[in-house]
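Report on one structure; see the data block that follows.
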Amino acid sequence: MLYRILTFSLLMATWLIFSGLFDAFHVTLGILSAGFVTWISSDLLFENRTISLSTRLGQALRLAHYLLWLLWQVVLSNIDILKLALSPSGLQKVQPRIVKLQTSLKTDFEKFLLANSITLTPGTITIKILGNDYYVHAISENAANGLDGEMERRIAAIFANTKRGAS
Amino acid sequence: MGEYFELVAIVAGMVLLLLIAPPLYRIVIGPTAIDRIVAVNIVGTKTAVMLVVIGVAFERVDMFVDFALAYALLNFIGSLAAARYLHKTKPMGGTAEPLDGEDAKASMNP
Amino acid sequence: MKWFGLIATAFTGILLLSAVGDFARFGDPHSPANAGVGDRPSVSQYYITDTYADTKVPNIVTAVLADYRGYDTMFETVVIFAAGISIFAILRSLGGPVVPVSHPQAIDTSVDGDHQRIIIGTTCRLMIPVIQLFALYVVAHGHHSPGGGFQGGVILGASFILLALAKDLGTALGRFSEKRYLTLGCVGIMIYAGFGLLCQALERNLLDYEILHRIMPATDAVMARSHSMLGVEVGVAFTVTAIMFAIYSNLSSNGRLDHGL
Amino acid sequence: MIVPFDIIILIFLVITAVISLRVRDLLSATMILGVYSFLICLLWAEMGAVDVAFTEAAVGAGVSTVFMIATIYHTRRRSSD
Amino acid sequence: MIYDIVAVILIAAGIVFFLGAAVGLIRFPDFYTRMHAAGKGDTLSSLLVILGFAIHEFRHFDGSGDVIVFLKLLAICAFIMLTSPTSTHALMDAGYEDGIEPVIGEGGENALAETRKTRKKD
Amino acid sequence: MEFLKTSVIPHFNYWVYVILMMIGLHAMITKNNLIKKLVGMTIFQTAIILFYVSIGVKSGSTIPILEHHHDDHAEVAAADAHHGEPAESDHDSDAVNPDHFANPLPHVLMLTAIVVGVSTLGVALAVSQSIFKDFGSLEEDEILEKIKQGGAAIDD
Numbered sequence: 001m002l003y004r005i006l007t008f009s010l011l012m013a014t015w016l017i018f019s020g021l022f023d024a025f026h027v028t029l030g031i032l033s034a035g036f037v038t039w040i041s042s043d044l045l046f047e048n049r050t051i052s053l054s055t056r057l058g059q060a061l062r063l064a065h066y067l068l069w070l071l072w073q074v075v076l077s078n079i080d081i082l083k084l085a086l087s088p089s090g091l092q093k094v095q096p097r098i099v100k101l102q103t104s105l106k107t108d109f110e111k112f113l114l115a116n117s118i119t120l121t122p123g124t125i126t127i128k129i130l131g132n133d134y135y136v137h138a139i140s141e142n143a144a145n146g147l148d149g150e151m152e153r154r155i156a157a158i159f160a161n162t163k164r165g166a167s
Numbered sequence: 168m169g170e171y172f173e174l175v176a177i178v179a180g181m182v183l184l185l186l187i188a189p190p191l192y193r194i195v196i197g198p199t200a201i202d203r204i205v206a207v208n209i210v211g212t213k214t215a216v217m218l219v220v221i222g223v224a225f226e227r228v229d230m231f232v233d234f235a236l237a238y239a240l241l242n243f244i245g246s247l248a249a250a251r252y253l254h255k256t257k258p259m260g261g262t263a264e265p266l267d268g269e270d271a272k273a274s275m276n277p
Numbered sequence: 278m279k280w281f282g283l284i285a286t287a288f289t290g291i292l293l294l295s296a297v298g299d300f301a302r303f304g305d306p307h308s309p310a311n312a313g314v315g316d317r318p319s320v321s322q323y324y325i326t327d328t329y330a331d332t333k334v335p336n337i338v339t340a341v342l343a344d345y346r347g348y349d350t351m352f353e354t355v356v357i358f359a360a361g362i363s364i365f366a367i368l369r370s371l372g373g374p375v376v377p378v379s380h381p382q383a384i385d386t387s388v389d390g391d392h393q394r395i396i397i398g399t400t401c402r403l404m405i406p407v408i409q410l411f412a413l414y415v416v417a418h419g420h421h422s423p424g425g426g427f428q429g430g431v432i433l434g435a436s437f438i439l440l441a442l443a444k445d446l447g448t449a450l451g452r453f454s455e456k457r458y459l460t461l462g463c464v465g466i467m468i469y470a471g472f473g474l475l476c477q478a479l480e481r482n483l484l485d486y487e488i489l490h491r492i493m494p495a496t497d498a499v500m501a502r503s504h505s506m507l508g509v510e511v512g513v514a515f516t517v518t519a520i521m522f523a524i525y526s527n528l529s530s531n532g533r534l535d536h537g538l
Numbered sequence: 539m540i541v542p543f544d545i546i547i548l549i550f551l552v553i554t555a556v557i558s559l560r561v562r563d564l565l566s567a568t569m570i571l572g573v574y575s576f577l578i579c580l581l582w583a584e585m586g587a588v589d590v591a592f593t594e595a596a597v598g599a600g601v602s603t604v605f606m607i608a609t610i611y612h613t614r615r616r617s618s619d
Numbered sequence: 620m621i622y623d624i625v626a627v628i629l630i631a632a633g634i635v636f637f638l639g640a641a642v643g644l645i646r647f648p649d650f651y652t653r654m655h656a657a658g659k660g661d662t663l664s665s666l667l668v669i670l671g672f673a674i675h676e677f678r679h680f681d682g683s684g685d686v687i688v689f690l691k692l693l694a695i696c697a698f699i700m701l702t703s704p705t706s707t708h709a710l711m712d713a714g715y716e717d718g719i720e721p722v723i724g725e726g727g728e729n730a731l732a733e734t735r736k737t738r739k740k741d
Numbered sequence: 742m743e744f745l746k747t748s749v750i751p752h753f754n755y756w757v758y759v760i761l762m763m764i765g766l767h768a769m770i771t772k773n774n775l776i777k778k779l780v781g782m783t784i785f786q787t788a789i790i791l792f793y794v795s796i797g798v799k800s801g802s803t804i805p806i807l808e809h810h811h812d813d814h815a816e817v818a819a820a821d822a823h824h825g826e827p828a829e830s831d832h833d834s835d836a837v838n839p840d841h842f843a844n845p846l847p848h849v850l851m852l853t854a855i856v857v858g859v860s861t862l863g864v865a866l867a868v869s870q871s872i873f874k875d876f877g878s879l880e881e882d883e884i885l886e887k888i889k890q891g892g893a894a895i896d897d
């Protein structure tokens with residue numbers, strides 16, 4: 001029930017951003033729509049419902065902080081690609097390879113975050129996840145060496161205090 | 168001030184439109200089917216951006232932002248469907264034909 | 278055949294091109310279609326100048342679609358519904374034991390990994406509620422910004438299609454089963470026709486929404502038109518959602534609704 | 539209506555239409571038809587037909603490509619011409 | 620004024636990154652490396668261009684509509700950030716499943732090669 | 742050159758609509774594959790929609806959605822931002838100048854056509870699947886050959 005209310009309020013906030021009309025009629029429509037979506041797909045937004053709300057809040061704050069760091073990594077990766085693509089000798093530096101990466105992350109969401117972060121950071125894209133092994137396509141040796149596990153540590157730190165409740 | 172930024176929008180839009188040409192080149196040449204799909208994905212993202220640009224040029228962004236949002240939300244359904252298709256069918260090495268005739272097919276799926 | 282096609286195409290093309298010169302210049306505000314002939318204004322000018330006074334709806338296209346030309350739109354919706362029903366009639370194999378027909382190409386040779394579930398599944402899990410909310414927003418705000426029943430319905434249908442693509446067809450059908458979507462399609466049409474018949478019951482013409490202010494609370498004759506348009510759009514959205522998902526589920530499973538793309 | 543956009547998009551449209559009909563691989567043809575739909579959505583937005591463009595955006599990006607891929611999955615991917 | 624300058628700088632940067640992605644799409648040797656250019660260049664550059672226009676919209680603060688448009692544009696950025704890596708990954712994986720052999724540079728290895736071999740034997 | 746200036750340039754859109762329509766028609770006549778024919782049909786259909794929308798375009802006009810009317814605050818801001826338009830048009834809707842808005846009628850006619858078009862595309866694809874079930878092919882000549890031999894399995 002708690003999670004239903006959380007879903008509903010998140011969706012309602014999204015509706016208010018979408019709508020921009022705050023008269024009674026449209027807000028009523030918003031409540032109806034958000035309620036409807038909560039009814040048909042509330043189980044989609046949050047999968048694990050055993051975590052308390054305060055830990056969720058802490059996770060969300062740390063996640064936002066992590067996303068800012070990730071944004072900076074995205075800028076770096078683009079400068080990387082730009083250098084490779086535009087410099088005349090760039091194609092010699094393209095030495096693609098597929099490397100295997102072991103991870104100790106447990107839950108699906110952490111793995112998802114790691115996979116997308118790998119995809120967004122310089123020179124690497126996740127191809128497959130088999131169990132705890134990530135198969136990563138790296139565009140050069142440099143990029144492959146960049147996968148030193150810092151990202152994994154950061155992600156593990158986000159969800160650090162929920163290991164008991166999660167899984 | 169408004170006209171000045173409108174000009175910026177039109178110039179940016181022209182450049183963005185002309186930058187659709189390289190993916191289009193990839194679509195025309197594209198050795199494999201999946202190269203073409205990648206190019207389609209790029210054009211889709213660019214379309215979402217272009218819609219915002221057109222909205223600024225019309226000075227009615229509040230109307231155009233809605234379907235830029237629709238594109239951002241729906242764009243990956245097409246690529247996802249193509250990816251699912253390629254997942255579920257025989258590996259073809261990117262082409263519609265088996266690689267070297269029946270022998271290759273037999274060796275792949277004995 | 279090739280030469281015949283080329284000749285026919287060229288002939289038709291030349292015929293059409295010879296008429297192109299008679300059209301008004303592209304973008305001419307005073308062409309007959311835009312400004313009427315002589316001193317008689319065209320109907321589109323009436324729509325632009327008088328819609329807001331008539332219906333209090335800023336989006337002229339929505340107003341014309343759902344109010345002035347509501348009769349047209351009602352049967353467009355019926356056409357969509359009929360398309361859904363005919364696909365059902367063509368493809369759906371009902372009754373009897375399900376014979377496992379071998380798909381011509383369908384051999385799942387993929388390495389069984391978790392990436393499908395983890396990456397695509399999680400993204401779709403996060404996206405689908407937002408897409409559904411956005412679709413409802415599009416339906417509800419058709420009066421003030423582009424959008425309306427058709428667009429919202431297609432987006433809502435696409436969200437279920439996305440669910441079917443991310444997990445499998447069974448998951449999507451578990452939420453939105455065949456019985457439900459056929460019912461929803463009928464309900465949409467009935468909502469639309471119901472608004473029309475309600476007007477007739479109050480002794481006005483079919484789909485003449487003005488009279489509905491008698492039964493709607495706190496509305497006058499103008500706002501009644503605006504609110505009835507919203508109701509009609511909701512009906513359209515229901516039908517379009519149902520039929521889009523019906524088409525997808527039948528096409529992707531070849532009418533057997535067992536496992537799709 | 540912004541004339542330079544108009545001309546560029548129309549040229550691209552003709553190119554994509556021809557290419558989508560010339561490819562032998564039906565999956566590619568379908569995806570290129572998706573590009574065609576994106577471009578025509580841009581064209582209508584630029585001509586001021588916002589509602590039409592929105593419909594085309596929802597239909598072209600969301601459903602029509604998926605329908606065609608579903609059919610190709612159950613039939614055959616290769617075309618003889 | 621300062622907002623406008625920032626906006627124009629962001630848009631210009633976005634266009635430069637788009638250019639990088641486009642050139643990479645043409646020049647890179649195989650599908651996998653092209654995917655690097657396409658997937659990353661596109662994400663950041665659309666983000667930057669949309670952010671530039673968002674800042675332009677944010678500038679005149681008097682009406683409520685503009686803040687809403689600003690927030691909506693930020694929402695577009697968020698959704699592109701979420702969907703773009705996913706579709707990149709999906710296409711990459713689909714390409715591998717379709718049997719396209721990656722070009723391996725000198726000194727590199729293909730860690731996925733054995734999984735493909737075992738599948739062929741099945 | 743004179744022809745180009747007087748006949749092609751002012752009617753550029755109409756020329757392209759004819760070209761697109763002929764591409765679609767040619768595909769529908771000569772292509773052998775049924776899916777290819779459907780691709781041609783889609784192109785043909787969009788060409789017609791392009792024709793209709795082109796008719797409704799007015800140069801210098803904006804989209805057919807009136808400015809904000811719901812609150813006075815935004816209305817003033819909108820009137821300030823849109824210097825090209827007389828400010829009183831926002832207050833008095835009788836003073837809306839039709840030349841400032843694109844013609845909404847073609848948009849209405851074509852909006853439903855797109856969604857109906859995708860539904861009919863769905864029906865056509867369903868028929869193709871059904872044909873493939875019966876004949877095992879989507880090529881027109883192979884299907885005709887099988888019909889001539891009478892070897893089509895009517896029941897599957």
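Protein chains in written order, with the numbering used here: chain A, 1 to 167; chain B, 168 to 277; chain C, 278 to 538; chain D, 539 to 619; chain E, 620 to 741; chain F, 742 to 897. Positions of the beta carbon are idealized from the N, C-alpha and C atoms, including for glycine.
Going by DSSP, what residue range makes up the beta strand (DSSP E) through residue i?
i: LYS106 of chain A; result: Per DSSP, LYS106 of chain A belongs to no beta strand (DSSP E) and is neither H nor E.
i: LEU846 of chain F; result: Careful: LEU846 of chain F lies outside any beta strand (DSSP E), inside the alpha helix (DSSP H) at 845-876.
i: ILE524 of chain C; result: Note, ILE524 of chain C: premise wrong, no beta strand (DSSP E); alpha helix (DSSP H) at 498-529.
i: LYS257 of chain B; result: Element bounds for LYS257 of chain B: n/a, residue is neither H nor E.
I'd like the list of long-range same chain contacts for residue i, defined as Cβ closer than 7 Å, with 5 residues on each side in sequence excluded.
i: ASP202 of chain B; result: ARG193
i: ILE570 of chain D; result: THR554, ILE557, SER558, VAL561
Are the beta-carbon atoms of residue i and residue j separated by less than 9 Å?
i: PRO198 of chain B; j: LEU644 of chain E; result: no
i: GLY726 of chain E; j: GLU47 of chain A; result: no
i: PHE18 of chain A; j: TYR414 of chain C; result: yes
i: ILE492 of chain C; j: LEU484 of chain C; result: no
i: TYR458 of chain C; j: ILE408 of chain C; result: no
Going straight from the alpha carbon of residue i to that of residue j, what length do you get?
i: ARG562 of chain D; j: SER618 of chain D; result: 7 Å
i: LEU693 of chain E; j: ASP233 of chain B; result: 12 Å
i: GLY426 of chain C; j: PHE677 of chain E; result: 31 Å
i: LYS444 of chain C; j: VAL320 of chain C; result: 50 Å
i: THR339 of chain C; j: GLU510 of chain C; result: 9 Å
i: LYS740 of chain E; j: PHE358 of chain C; result: Low confidence applies to LYS740 of chain E: its pLDDT is 45, below 50, so where it sits in the model is not reliable, and the reading given next is rough at best. Roughly 49 Å separates the two Cα atoms.
i: MET763 of chain F; j: PHE785 of chain F; result: 8 Å
i: ILE796 of chain F; j: GLY313 of chain C; result: 13 Å
Counting along the chain, where does the alpha helix (DSSP H) carrying residue i start and finish?
i: ASP202 of chain B; result: 200-225
i: ALA138 of chain A; result: Run containing ALA138 of chain A: none in the alpha helix (DSSP H); it sits in the beta strand (DSSP E), 133-138.
If you drop the 5 nearest sequence neighbours on each side, which residues of the same chain put their C-beta closer than 6 Å to that of residue i?
i: PHE792 of chain F; result: TYR758
i: PRO827 of chain F; result: In this predicted model, PRO827 of chain F has a pLDDT of only 44, less than 50, meaning its place in the structure is not dependable enough to derive any value.
i: ASP270 of chain B; result: Low confidence applies to ASP270 of chain B: its pLDDT is 39, below 50, so where it sits in the model is not reliable, and the reading given next is rough at best. No residues qualify anywhere along the chain.
Is there a Cβ from chain F that is less than 9 Å from the Cβ of residue i?
i: LEU534 of chain C; result: no
i: PHE225 of chain B; result: yes
i: MET217 of chain B; result: no
i: MET230 of chain B; result: yes
At a Cβ threshold of 9 Å, is residue i touching chain C?
i: ASP840 of chain F; result: yes
For residue i and chain D, any beta-carbon pair shorter than 9 Å?
i: PHE172 of chain B; result: no
Can you list the residues of chain H that residue i reaches, using a CB-CB cut of under 7 Å?
i: GLU733 of chain E; result: Given the protein chain composition of this structure (A, B, C, D, E and F), no chain H is represented.
Can you check whether the C-beta of residue i is within less than 9 Å of a C-beta belonging to chain E?
i: ILE204 of chain B; result: yes
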